[in-house]
Amino acid sequence: MCGIVGYIGDKQCTPILIEGLRRLEYRGYDSAGVAVLASDGPAGRPSSIKVLRCRGKLANLEALVKAEPPEGKLGIGHTRWATHGRPSDENAHPHSYGGVSVVHNGIIENYVALREKLSAIGHRFSSETDTEIVAHLIDEELKALGSDGTKLLEATRRALAQVEGAYAIAVVSNLSPDRLVAAKNASPLVLGLGEGENFVASDVPPILAYTRKVVFLEEGELAEVRRDGVELIDLAGRKLPLRPKEIAWSSVMAEKSGYKHFMLKEIHEQPTAVTDTLRGRLSIEKNDAFLDGFELSPTEVKRLTIIACGTSYHAGLVGKFLIEKLARMPVEVDLASEYRYRDPIIRPGDAVLAISQSGETADTLAAVKEAKAKGAKVICISNVVDSSIPRACHHTLYTHAGPEIGVASTKAFTTQLSALMLVALHMARRSTDPRALSPEDAATFIHELMALPHKITDAISMAPQIQVIARRYGQARDFLFLGRGNEYPIALEGALKLKEISYIHAEGYPAGEMKHGPIALIDDKMPVVVVVPRGPGYEKVMSNLTEVKAREGKIIAIATRGDTDIGAIADEVILIPDAPPALQPMLTVVPLQLLAYYVADFKGTDVDQPRNLAKSVTVE
């Protein structure tokens with residue numbers, strides 16, 4: 011979940027490292043640091059490594075670099091989300107021992123045993139982190155190899171053979187001024203291939219300004235990165251071929267484009283992102299949806315289990331309603347972080363659908379491997395091409411949201427819903443159940459799907475009204491979010507967005523469950539956000555709202571345009587375009603995203619980088 015960047019070439023590397031870290035700061039911002047090899051060491055003597063690191067956001071490191079700019083054409087950098095050890099200068103990466111400096115993303119599970127072993131032979135440690143172990147191990151192996159700097163790759167391989175757990179690392183040594191080493195196991199790492207220069211990063215954005223030719227490291231692979239090329243080996247020391255890929259994203263796609271925050275920009279990008287996800291996958295002639303080169307037929311798949319975490323889990327809950335309604339297929343939804351620990355039962359005909367924006371979510375990846383080992387057909391929905399989860403699955407349906415920089419997910423969520431709608435339609439058209447979507451209803455559904463981007467734009471246009479509401483209620487200590495049916499997951503998502511970026515306590519509940527406990531919280535200081543579009547359950551939710559009103563709760567309603575009843579009971583009404591009930595979550599979530607954004611902006615919190623969170627959760 012931390013950010014890694016590395017460079018070797020003919021340019022001064024410090025500006026490249028700092029800019030790369032800026033593009034990765036969404037992955038963690040508890041601390042940051044760089045290690046740079048001096049450009050010109052004395053002939054025949056080891057180069058020196060200058061390490062600068064500090065607690066806090068990247069701006070703190072930039073101030074250090076400005077005061078003491080390290081010069082060199084080989085270096086590594088890191089921005090940290092704390093796992094082992096509190097955020098502090100001492101725990102910031104890079105970690106060094108002897109002449110070795112290391113940056114690391116992941117968790118070394120056996121670090122306690124390794125630390126005790128190293129301490130017994132005289133090693134002393136200066137941090138609380140598991141990462142520092144790796145620097146000590148590599149230093150020991152380099153000494154065993156005769157302090158031969160050309161063998162940094164082999165020393166790293168031997169060190170990692172002793173390590174258990176997840177890691178993506180980049181390593182430099184004062185004995186090796188012409189190379190750096192990178193390695194991956196269950197944490198993302200990508201190489202960028204340039205002309206006379208090469209790059210390492212834990213995500214694509216830092217590389218795009220220099221090259222679009224990349225290599226995604228696979229599990230257990232190590233790379234020796236030099237100015238003139240890259241060599242790959244596995245943990246057994248066997249040489250591997252390079253598998254370069256061309257990335258279509260431009261670096262401009264990761265900029266704010268004039269918006270105050272990335273999150274606001276990404277909310278506004280949703281119509282385009284949804285269009286891109288649906289494009290080329292709908293057939294008006296055949297009233298059908300096509301997946302990316304694979305079929306999901308209810309005649310072969312008897313039960314579907316959706317696994318995901320956080321926002322993706324909420325998308326999965328909406329997907330359950332969609333697939334069961336349209337295809338009449340039984341669907342379970344499981345939190346990926348719980349799935350493999352309950353020894354799940356997999357029967358013939360079972361399929362598992364994993365959802366992960368980053369494709370690197372550690373809990374979801376572990377659940378995918380568990381389901382696959384038990385014999386399930388495993389499919390995933392992801393936004394990042396060739397990330398770990400797609401590579402672990404049998405088939406992948408990619409969303410086309412483009413880079414999402416804001417930690418609180420917005421356009422990734424609506425594109426996941428779009429992909430789930432494609433899956434539901436695809437399975438419905440292959441179902442033999444007479445209650446499944448008919449060809450005529452499928453034609454109507456496709457027509458409404460294609461109209462969604464325009465309606466999302468319409469929903470976004472309510473932003474000025476929502477900004478006023480946010481200022482009115484932004485000082486509340488607690489919020490309650492209510493929804494019924496497929497709007498219940500949207501209530502959960504709305505509550506999650508608000509708590510993530512505004513730090514206000516918020517809870518989402520099925521509207522019918524309000525009287526079974528949460529009603530005790532309601533008073534004249536409690537804003538209650540209710541998702542109540544016209545459709546099944548509308549009257550029931552309205553009845554629930556009378557209970558809120560009787561207790562003087564402040565009601566903020568997300569309702570359908572043309573609803574003449576809601577205004578009599580709600581204190582605030584945000585109206586969205588009408589849509590069939592199955593598609594309404596795509597529209598009702600937009601005002602909740604904007605409400606969370608404007609409340610957070612009003613409070614002055616860090617919208618794009620909320621405390622204690624990181625974009626890609628690559629540890630369990």
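Residue numbers (our numbering): 11 to 630.
All C-beta atoms, glycine included, are put in the ideal place defined by N, C-alpha and C.
None of these values were measured; they are calculated from a predicted model.
Check: Which of helix, strand or coil DSSP assigns to N554; Outcome: helix
Check: Beta-carbon spacing of A434, A337 below 8 Å; Outcome: yes
Check: With 16 other Cβ atoms within 10 Å as the buried cut-off, status of S553; Outcome: exposed
Check: Cross-strand partners of G504 (DSSP beta bridge); Outcome: None, per the DSSP bridge assignment.
Check: Reduced DSSP secondary structure (H/G/I, E/B, other) of S41; Outcome: strand
Check: L301 to G385 span [Cα, whole Å]; Outcome: 22 Å
Check: Status (buried if at least 16 other CB within 10 Å, exposed otherwise) for D573; Outcome: buried
Check: Rounded separation between Q367 and A154 - CA only; Outcome: 43 Å
Check: Selected residue, minimal CA-CA separation from E450, among D588, I294 and H515; Outcome: I294
Check: Cβ-Cβ distance between I243 and R167 below 8 Å; Outcome: yes
Check: Buried or exposed (CB count within 10 angstroms, at least 16 for buried), N622; Outcome: exposed
Check: I532 vs V551 beta-carbon contact at 8 Å; Outcome: no
Check: Presumed contact (8 Å Cβ cut-off) between P358 and N184, rounded CB distance; Outcome: In fact, because the Cβ distance is near 58 Å, the residues do not count as touching under 8 Å.
Check: The segment 235 to 251 touching the segment 414 to 434, judged by at least three CB pairs closer than 8 Å; Outcome: no
Check: Start and end residues, alpha helix (DSSP H) containing C23; Outcome: C23 to L34
Check: Helix, strand or coil at I466 [DSSP, three-state]; Outcome: helix
Check: P340 burial status per 10 Å Cβ neighbour count (16 or more: buried); Outcome: exposed
Check: Same chain, Cβ closer than 7 Å to R571, five either side skipped, listed in chain order; Outcome: L585, I586, P587 and D588
Check: Exposure label - P354; buried when at least 16 CB within 10 Å; Outcome: buried
Check: Counted within 10 angstroms of its Cβ, other Cβ atoms place L34 as buried (16 or more) or exposed; Outcome: buried
Check: Entirely enclosed beta strand (DSSP E) segments - the segment 286 to 359, minimum 3 residues; Outcome: 313 to 318 and 341 to 345
Check: Where A77 falls, given that 16 or more other Cβ within 10 Å makes a residue buried; Outcome: exposed
Check: Nearest-angstrom Cα separation, counted from T420 out to V599; Outcome: 9 Å
Check: Straight-line Cα distance separating R222 from E81; Outcome: 26 Å
Check: Short Cβ contact (8 Å threshold) for N393 with A422; Outcome: yes
Check: Host alpha helix (DSSP H) of D611 (start-end); Outcome: P595 to K613
Check: Of the residues D140, L555 and I399, the one placed nearest V542, counting alpha carbons only; Outcome: L555
Check: As assigned by DSSP and simplified to three states, the class of P80; Outcome: coil
Check: Spatial distance of P537 from I18 (CA atoms); Outcome: 54 Å
Check: Outcome for H515 when other beta-carbon atoms lying within 10 angstroms are tallied against a minimum of 16; Outcome: exposed
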